[in-house]
Amino acid sequence: MPLAEQNLTLDAGPFQVRVRSSDPSFLDTLGFFYRGCVRHDGPHFVDFDIRIKRPRGLRRWLQPQVLFEIDALRPFEPQPAENAFPTYEWGLNWCIATSAHRYLMLHAGSVAFGDAGMILPGHPGSGKSTLSAALTLRGGRLLSDEFGLVRPESLELLAMPRGIPLKNTSSEAILEFDSAAPLGPTYPKTRKGRVRHLRPDALSVAQQQRTATPRWLVFPRYLAGATENLAPLDKSEAFRQLAFNCFNYKLLGETAFRAVAQIVRQTQCFTFTYSRLDRAVVQLMDLAQATGPAAHGSPR
Amino acid sequence: MNLLIQFLRRPAIVHKWGVEDWNRFMPLARNARLLGRCLYLLEQHDLLGVVPSRLVDQLRGALNQTRYVQVQALRELRHVVRVLDREDIPPLVLKGVAYLVSGLPPSRWRNLSDIDLLVPKDDIVRAEQALGRDGWQPSGDFDAYDQHYYRDWMHEVPPLVHRQREIEVDLHHNLAPPVSRIQINAAKLWADSLLVSGPYGMVVRTLAPADMLLHNAIHLFMNDELRGGLRDVVDFRDLFEHFLAQDAAFEQLLLGRARALGCGRPLYYAVSTARDLLGLAPSAAFLAEVEVFAPAAPQARLMRWLIEQVMAPARLGLRRTAAANQLLFVRSHWVRMPPGMLFRHLVHKMVKAKKPALSAADLPG
Amino acid sequence: MSLPIPLPVADLERRVWRRPGPVPVWQGEPGEGALFDPLSGETHFLGELPALIVSVLDDHWASRGTLVERIAGPVALEQQAEAQILAALVSLEAAELVESQSPETE
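Chains as they are written, first to last, in the working numbering: chain A, 41 to 340; chain B, 17 to 381; chain C, 13 to 118.
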């Protein structure tokens, strides 16, 4: 039965996102992940005006597809209709990456313990999303798994708690880590492989307007069979790697240079090799407790 | 008259705006690449306090992006000028980069995607070869037909880009293609050109103010797509008002130049569009003289309709806009090229693959 | 690598050098750490000698001799050290951090 188009406004950290769709399955999934983010008082100023819709035409019946529309424009090819939710997530990432240059945008997971932030930049093969997910399941407050947003003038880390995409075997790793982890539907065939998302926890969502101060900069590297090893990292090297992991480093010019230099100056910098998620989380949480304000929250 | 146009005519209108007005305004401004311009208007008119802070963030983000491309454009220009100086080829900068090196008002907010240079006709091939030796290469896959189009029809070398950088360099030897109705004597442009000291010791030429405005008009109304055009109309208005403020005789100067270069018709369209959409208010005497360049009334009416459809759509995504875009596309080529050539050109363009849409694999996350 | 024209060493030795434009931004003290060049928008991680050269050049043309004096004082350097300085200048020019010209120009 065709549904009338629904119109929702969602909090996504510093952004307010308008989402319109008449796709019942997509709307269900959106509700599963972001019920706590829906704004009911209206009207709202909109940062991104997004529509998820089915294209017209015969295709509609033969091979259902879904289109991502932003400001009535369509930057991407149509996707298979069953991938509506991941398409929405990636589309929103694109909108942020191409427009939110008011912020320094780090390619990093980030988790807060109280007001102290741990930044986990996303080297290839780092597993930063899986690590970020696991840390939040043990009480860390989710700031980001992909876009670490920083106000360059104050270096505050902003929170944007969203579904964390776990690719291929990462979702199994998370379920092994915490069998009660709230995962969404499986999307077997996306452009990035098999994906399942972890729902952001209620506390992270409730506190998404609360910022954090960067205190630890940890460059993770997953290495099968390795013993967990947190090793101090030389500041010059930390600068180089953090700059490399900043989406809009070049675009922000001197502002980015100074901000990255200051983040490196004020944080403890490490490389972190790990293979077992449970041991990795223990080690990182020990770091947070030993060298910063006490971690908030309790194991779930 | 959509919200963006209303704002550009009279920024104080934002005092009356509610939430939905702002929500309709932002996509229009973004699509027209005018976010930076709007930020400056709000600042100039002391209106920032009225703007929701999340939207100020969006405007500032856009301006950050503009600053970056401006730095890169000047960087590219420095490199090109070094090569051309060595060859004793005098570069004359056009459009956005010209505003930048001259410190004209649009330099504060104007985005650039490439740099446009005028060189003497006899030097253009030598310029292209010198740049080629120093690391510039064609920016796309240009087959023999494209080469012919650019070189023989359009007064251009196919766009170049340096292998280590990203900004495109467009070399021209005239402002309007030889195949169009308008035949400009390039020597006149050079004769009136100005020598400008750009940032950090760079010395280049720019067009004289009147010629700059005429180039804006020609570029806009004889171009492939008017889609980005509102921004150029805003430039036209801003520059016109600036030059007039500097020289009370500017209107007469502009008219004289339009006659001397045979650019009356584009000037007519630029002035009428800037008046209709943006409230440009030249003197009655000037308007009377510009009116002489107008086409027959039916054509003027059709153009006015088309321009409004493309540059001031009520909302984005309207089908009408796509049709009007299509018409303008055809019209602009028709203006530039004799009908036989036009048909061949359009067929060729249709056959060439367009830039593919982004795929999900390109996205972060 | 994009030195405009490959030059024989003799010509290279006679050229004059300067750092055009705005003062670069250092991560630490002048000469220390990463370097941001506002002119190109690029960030550089320079070795000790190139960093030293950048920090002693300004926007006035300086000969190689002047440069050496600023770095090492009024001493005569060995051939090898002189060669290293020239090599550093060449790579700095490729990185757009310095400019050079032949001394006869203007």
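We put the CB at the ideal spot given by N, CA and C, even for glycine.
Being a predicted model, the structure only gives us computed values, none of them experimental.
With a CB to CB cut of under 7 Å and the five nearest residues on each side skipped, what residues in its chain are close to residue i?
i	result
residue 140 of chain B	173, 187 and 189
residue 293 of chain B	21, 249, 327 and 328
residue 160 of chain A	148, 149, 150, 168, 171, 172, 258 and 260
residue 402 of chain A	The structure shown does not extend to residue 402 of chain A, since chain A is modelled only from 41 to 340, so the question has no answer here.
Restricting to Cα atoms, I'd like to know which of the options is closest to residue i.
i	options	result
residue 175 of chain B	B/316, B/144, B/35 and B/319	B/144
residue 270 of chain B	B/293, B/223, B/119 and B/313	B/223
residue 237 of chain B	B/282, B/291 and B/52	B/282
residue 258 of chain B	B/121, B/149 and B/287	B/121
residue 75 of chain A	A/203, A/108 and A/126	A/203
residue 207 of chain A	A/171, A/197 and A/181	A/171
residue 139 of chain A	B/82, B/57, B/333 and B/132	B/82
residue 135 of chain B	B/150, B/103, B/163 and B/246	B/103
residue 163 of chain A	A/305, A/280, A/240 and A/297	A/280
residue 228 of chain B	B/206, B/74 and B/18	B/206
residue 308 of chain B	B/278, B/31 and B/47	B/278
residue 182 of chain B	B/88, B/118 and B/232	B/88
residue 73 of chain C	B/217, B/68 and B/92	B/217
residue 106 of chain B	B/116, B/75, B/133 and B/178	B/133
residue 236 of chain A	A/183, A/64, A/220 and A/209	A/209
residue 303 of chain A	A/238, A/67 and A/189	A/189
residue 222 of chain A	A/232, A/174 and A/247	A/174
residue 325 of chain A	A/125, A/265, A/85 and A/152	A/152
Buried or exposed: residue i, going by 16 or more other Cβ atoms within 10 Å of its Cβ?
i	result
residue 328 of chain A	buried
residue 21 of chain A	Outside the modelled stretch of chain A, which goes from 41 to 340, sits residue 21 of chain A, for which no answer is possible.
residue 226 of chain B	buried
residue 47 of chain A	exposed
residue 178 of chain A	buried
residue 255 of chain A	buried
residue 301 of chain B	exposed
residue 38 of chain B	buried
residue 62 of chain C	buried
residue 40 of chain C	exposed
residue 57 of chain A	buried
residue 78 of chain A	exposed
residue 130 of chain B	buried
residue 111 of chain C	buried
residue 85 of chain C	exposed
residue 93 of chain A	buried
residue 89 of chain A	buried
residue 53 of chain A	buried
residue 186 of chain A	buried
residue 219 of chain B	exposed
residue 27 of chain C	buried
Whose C-beta lies closer than 6 Å to the C-beta of residue i among residues of the same chain, with five residues either side of it excluded?
i	result
residue 112 of chain B	126 and 128
residue 123 of chain A	227 and 230
residue 306 of chain B	284 and 287
residue 157 of chain B	none
residue 30 of chain B	63 and 66
residue 40 of chain B	19
residue 289 of chain A	283 and 296
Can you list the residues of chain A that residue i reaches, using a CB-CB cut of under 7 Å?
i	result
residue 46 of chain B	111
residue 73 of chain B	142
Determine the chain B residues that contact residue i at a beta-carbon separation under 8 Å, and present them in chain order.
i	result
residue 32 of chain C	216 and 217
Which residues of chain C have a Cβ atom closer than 8 Å to the Cβ of residue i, listed in chain order?
i	result
residue 279 of chain A	39, 45 and 46
Mind listing the chain B neighbours of residue i? Cutoff is C-beta to C-beta under 9 Å, in chain order.
i	result
residue 89 of chain A	39, 42 and 43
Can you name the residues of chain A whose CB is closer than 9 Å to the CB of residue i?
i	result
residue 332 of chain B	111, 112 and 113
Apart from the five residues on each side of it in sequence, which residues of its chain come closer than 8 Å, Cβ to Cβ, to residue i?
i	result
residue 68 of chain C	79, 82 and 83
residue 267 of chain B	260, 298, 299, 301 and 302
residue 55 of chain C	46, 47, 48 and 49
residue 98 of chain C	21, 24, 25 and 76
Can you list the residues of chain A that residue i reaches, using a CB-CB cut of under 8 Å?
i	result
residue 250 of chain B	Simply none; closest approach about 20 Å.
residue 70 of chain B	54, 55, 56, 85 and 87
For a contact meaning CB atoms closer than 7 Å, what does residue i contact in chain B?
i	result
residue 139 of chain A	74 and 77
Using a Cβ cut-off of 7 Å, pull out every chain C residue sitting near residue i, in sequence order please.
i	result
residue 211 of chain A	By Cβ distance, chain C contributes nothing, its closest Cβ being about 37 Å from residue 211 of chain A, past 7 Å.
* Asked: Listed from N- to C-terminal order along the chain, which residues in the segment 46 to 74 of chain C have their beta-carbon within a distance smaller than 7 Å of any beta-carbon of chain A?
  -> 46, 48, 50, 53, 55 and 57
* Asked: Looking at chain B, which residues of the segment 282 to 309 of chain A have a Cβ within less than 9 Å of any of its Cβ atoms?
  -> The segment 282 to 309 of chain A vs chain B, Cβ under 9 Å: 287, 288, 290, 291, 292, 293 and 295.
* Asked: What residues from the segment 78 to 98 of chain B come within 9 Å of chain C, judged by C-beta to C-beta, listed N to C?
  -> 84, 87, 88, 90, 91, 94, 95 and 98
* Anything in the segment 214 to 226 of chain B with a Cβ closer than 7 Å to a Cβ of chain C? List those residues in chain order, please. => 216 and 217
* Interfacial residues, the segment 67 to 98 of chain A to chain B, with Cβ spacing under 7 Å -> 83, 84, 85, 86, 87 and 89
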